[in-house]
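Right, one structure below, let's go through it.
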Amino acid sequence: MHDVLWQHGARYIIKLDSGESSGLYYNDGPGHYLYLQPKRNVANAWVVKPGNRQIPNHPPNTPSPQSPHDWYESQDGKAPALCWNNPGDPDGDPLRFYAEVYGSAVNANSGWQNGTCWRPGSLDGQYYTYQWHVKAKDSKDAESGWSTTWHFSIKAPDNPPSISFDTANGNSFPSGRIDSRDRNWTFRGTASDPEGRLGRIEFRCSGDNCGYQAGHTDGGNWSHTQNDMAGQNDVYFVAHDNPKDQQTASRHLDLRIDLAAPVTTLSLNNEANPDRWPAWFTSAVAVRLHADDSNTGRARSGVSQVRYRLDGGAWQAQGGSDVAFTVSSDGTHTVEYYALDNVGNQESTRSVTFKIDQTPPSPPGGVVETHGVVSGQWQKAHNTPTFTWAASSDAISGVWGYQFYFGTDPNGVAYQTFLASDPRQWTPQPGGVRTGTYYLRGRTRDNAGNWSNWVTLFTFRYDGTPPENPKEASHAAGIANDT
Ligand SMILES: [Ca+2]
Ligand SMILES: [Ca+2]
Ligand SMILES: [Ca+2]
Ligand SMILES: [Ca+2]
Numbered sequence: 002m003h004d005v006l007w008q009h010g011a012r013y014i015i016k017l018d019s020g021e022s023s024g025l026y027y028n029d030g031p032g033h034y035l036y037l038q039p040k041r042n043v044a045n046a047w048v049v050k051p052g053n054r055q056i057p058n059h060p061p062n063t064p065s066p067q068s069p070h071d072w073y074e075s076q077d078g079k080a081p082a083l084c085w086n087n088p089g090d091p092d093g094d095p096l097r098f099y100a101e102v103y104g105s106a107v108n109a110n111s112g113w114q115n116g117t118c119w120r121p122g123s124l125d126g127q128y129y130t131y132q133w134h135v136k137a138k139d140s141k142d143a144e145s146g147w148s149t150t151w152h153f154s155i156k157a158p159d160n161p162p163s164i165s166f167d168t169a170n171g172n173s174f175p176s177g178r179i180d181s182r183d184r185n186w187t188f189r190g191t192a193s194d195p196e197g198r199l200g201r202i203e204f205r206c207s208g209d210n211c212g213y214q215a216g217h218t219d220g221g222n223w224s225h226t227q228n229d230m231a232g233q234n235d236v237y238f239v240a241h242d243n244p245k246d247q248q249t250a251s252r253h254l255d256l257r258i259d260l261a262a263p264v265t266t267l268s269l270n271n272e273a274n275p276d277r278w279p280a281w282f283t284s285a286v287a288v289r290l291h292a293d294d295s296n297t298g299r300a301r302s303g304v305s306q307v308r309y310r311l312d313g314g315a316w317q318a319q320g321g322s323d324v325a326f327t328v329s330s331d332g333t334h335t336v337e338y339y340a341l342d343n344v345g346n347q348e349s350t351r352s353v354t355f356k357i358d359q360t361p362p363s364p365p366g367g368v369v370e371t372h373g374v375v376s377g378q379w380q381k382a383h384n385t386p387t388f389t390w391a392a393s394s395d396a397i398s399g400v401w402g403y404q405f406y407f408g409t410d411p412n413g414v415a416y417q418t419f420l421a422s423d424p425r426q427w428t429p430q431p432g433g434v435r436t437g438t439y440y441l442r443g444r445t446r447d448n449a450g451n452w453s454n455w456v457t458l459f460t461f462r463y464d465g466t467p468p469e470n471p472k473e474a475s476h477a478a479g480i481a482n483d484t
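Heads up, the sequence shown is in my numbering, so the first residue is 2 and it goes up one at a time.
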């Protein structure tokens, strides 16, 4: 009966037996039984605690290192975190772990801990090679064996170098940009390495034309000379260290080398094409100068000023790229001009000459009728007048020629043209004129195209009508008969 009860989970059972060897069974703890009268196959008395039957404990499985990998090297001067797996326990017991750095120049241990990582911070700054392993313990204090041994090293830290790019041809370029027309450049700066293992200083350049290297000095006070640079270039330097060849770049210089002078164009009265300028201007001339800067590659510094002078006078400087002025006096004029860009490139002096004549010539004068007819007097002897005149004068461009009118209109204009080189003689009506009053009028033109005003030069009067009475009659116009 008691066997059945026990096997079915009765918690406590006592049985008394009347046999020769009554005894007592009792449980005094997990896994331990006191058993009296063991030879008896029928116990006299028992005490049983079901579930407290002896269950053997198993030690944990042995953990394995996980990270960092074996023979890891720490570069920052500090110990790495050491990690391992949780290998589990055959009984499912919770585990704790004990890692240790051992057999090294300096040692350390984690103590028993729950986590599976441990950073041996006491090793920071101690630059040796170490070995480590780990073991586990279950909640019943059973321990695994030690894991395999892994290794790591803590290296002295190696920081990158530093570099400063201080000057370019002595200019500290606080804006990061230099405009210049210099082609040869010496760059200077300093560099250092925290570990004192500074390597080379490297010139870096990209752009229109980086020229060629003409000198280079590495070291804490480095320098670099580059010749025949041109255009826009991005310049900086890179410091290297040893042995890891860590690299640090300096600040950049936007170097713009403009070698091209501006080009200035001139217009007269808004006409820039000299082929369309007149030989002579007959009014004041508006002179305009406009300069455009030329570039070298992508470098164009811009026009700073235009300089000019008129007729050999004092040079004038005008900031910016435009100049305008008026020339109003007669004569031949010369404008010399050039422009400068912002880095001092100077255009070759250009020169333009033009002429102004806005003064009319003197009108025709000195008119003579070659038969002796007197201006304004009636006469009947000559009805085919021939006139001569004196040359007009023109102080500026010279006399080009004349125009004459001959007719009955006292205000008549535009009849016959004579060039200055033609004979100054005119017989306006070779067939003769009828009775009447005729006016010779004329004007003079100069080579610039200026005309004098029309003027009446001669009044020719002819009366070919016979008188009605030879003694008494008189001409209607009042001319006396010559008997
Ligand atoms: Ca266990
Ligand atoms: Ca270094
Ligand atoms: Ca330029
Ligand atoms: Ca003139």
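We put the beta carbon where it would ideally sit given N, CA and C, even for glycine.
What residue from Ala382, Pro361 and Thr150 has the CA that sits closest to Asn448's CA? Closest by alpha carbon: Pro361.
Under 8 angstroms by Cβ, that's how I've got Ser145 and Asn62 pegged, so tell me the actual separation to the nearest angstrom. Ser145 to Asn62, Cβ: 6 angstroms. Contact.
So within the segment 269-318, which uninterrupted beta strand (DSSP E) runs reach at least 3 residues, ignoring any that extend past its ends? Fully enclosed beta strand (DSSP E) runs of 3 or longer: 286-293 and 304-311.
Helix, strand or coil for Leu260 per DSSP? Coil.
Near Trp278, what residues of its chain come up, given a Cβ to Cβ distance below 7 angstroms and the 5 sequence neighbours on each side ignored? Answer for Trp278: Leu269, Glu272 and Phe355, listed in chain order.
Mapping DSSP to helix, strand and coil, what is Ser123? Helix at Ser123.
For ligand 1, I want to know if Lys138 counts as a neighbour, meaning its beta carbon is within less than 7 angstroms of at least one of the ligand's heavy atoms. Lys138: no, Cβ never under 7 angstroms from ligand 1.
Tell me whether Ala44 is buried or exposed, calling it buried when 16 or more other Cβ atoms sit within 10 Å of its Cβ. For Ala44, the predicted model reports a pLDDT of 47, less than 50, meaning its position is unreliable; a value from the coordinates is still stated below. Counting Cβ neighbours within 10 Å, Ala44 comes out buried, since at least 16 surround it.
Check whether the segment 338-358 and the segment 427-439 touch, using three or more Cβ-Cβ pairs below 8 angstroms as the test. No: the two stretches stay apart, fewer than three of their Cβ pairs being nearer than 8 angstroms.
Nearer than 7 angstroms: is that true of the beta carbon of Asp94 relative to any heavy atom of ligand 1? Yes, Cβ of Asp94 sits closer than 7 angstroms to a heavy atom of ligand 1.
Ligand 4 site residues, beta-carbon cut 7 angstroms against heavy atoms: Taking each Cβ in turn, the ones that pass are Asp358, Thr360, Pro361, Pro362, Asp395, Ala396, Ile397, Ser398, Asp447, Ala449 and Asn451.
Pull up the CB-CB distance for Asn451 and Gln317, whole angstroms please, since I reckon it's below 8 angstroms. Contact between Asn451 and Gln317 is absent: CB atoms are separated by about 30 angstroms, not below the 8 angstroms threshold.
Apart from the five residues just before and just after Leu256, which ones in its own chain have a Cβ nearer than 6 angstroms to its Cβ? The residues are Ile179, Asn234 and Val236.
Any chance the segment 154-173 sits against the segment 193-204, with 3 or more Cβ pairs inside 8 angstroms? In short, these stretches touch, since the Cβ pair count reaches three.
Measuring only the C-alpha atoms, how far is Leu458 from Ala391? Each residue's Cα considered, the two are about 11 angstroms apart.
Per DSSP, what kind of secondary structure is Tyr26 in: helix, strand or coil? Caution applies to Tyr26, whose pLDDT of 46 falls short of 50 and renders its modelled position unreliable; the model cannot decide the point.
Residues bridged to Pro164 (per DSSP): Residue identity check: residue 164 is Ile in the sequence provided, not Pro. DSSP, once it has assigned bridges, lists Ala192 as partnering Ile164.
Say whether the segment 219-232 touches the segment 170-179, bearing in mind that this needs 3 or more beta-carbon pairs closer than 8 angstroms, one atom from each stretch. Contact fails: fewer than three Cβ-Cβ distances are below 8 angstroms.
Which residues in the same chain have their Cβ closer than 6 angstroms to the Cβ of Ser398, if we skip the five residues on either side of it in sequence? In the same chain as Ser398, and ignoring 5 residues on each side of it, the C-beta atoms closer than 6 angstroms to its own belong to Trp281, Asp358, Asp447, Asn448 and Ala449, in chain order.
Where Gly314 and Glu337 are concerned, what is the direct C-alpha to C-alpha distance, given to the nearest angstrom? If you take the alpha carbons of Gly314 and Glu337, they lie about 10 angstroms apart.
Asn296 to Ser207 span [Cα, whole Å]: Taking the straight line from one Cα to the other gives about 18 angstroms.
Report buried or exposed for Trp151, applying the criterion of at least 16 other Cβ atoms within 10 angstroms of its Cβ. Answer is buried; the Cβ neighbour count reaches 16.
Counting C-beta neighbours from all protein chains within 10 Å, is the total for Ile56 16 or more, i.e. buried, or is it exposed? By the 10 Å Cβ count, Ile56 comes out exposed.
Using a 10 Å radius around the Cβ and a threshold of 16 neighbouring Cβ atoms, would you call Glu74 buried or exposed? Exposed, since its Cβ has fewer than 16 Cβ neighbours within 10 Å.
Please tell me whether Ala80 and Cys118 are closer than 8 angstroms, where the distance is taken between their beta carbons. For Ala80 and Cys118, no; Cβs fall outside 8 angstroms.
Could you check where the beta strand (DSSP E) with Ile397 kicks off and where it finishes? No residue range can be given for Ile397, since it is assigned to no beta strand (DSSP E) and is classified by DSSP as neither H nor E.
How would you write the range of the beta strand (DSSP E) that Pro66 sits in, first residue to last? It spans Pro66 to Ser68 - the beta strand (DSSP E) in which Pro66 sits, taken as one unbroken run.
Candidates Asn243, His59 and Tyr131: which alpha carbon is nearest Ala143's? For the residues Asn243, His59 and Tyr131, the minimum Cα distance to Ala143 belongs to His59.
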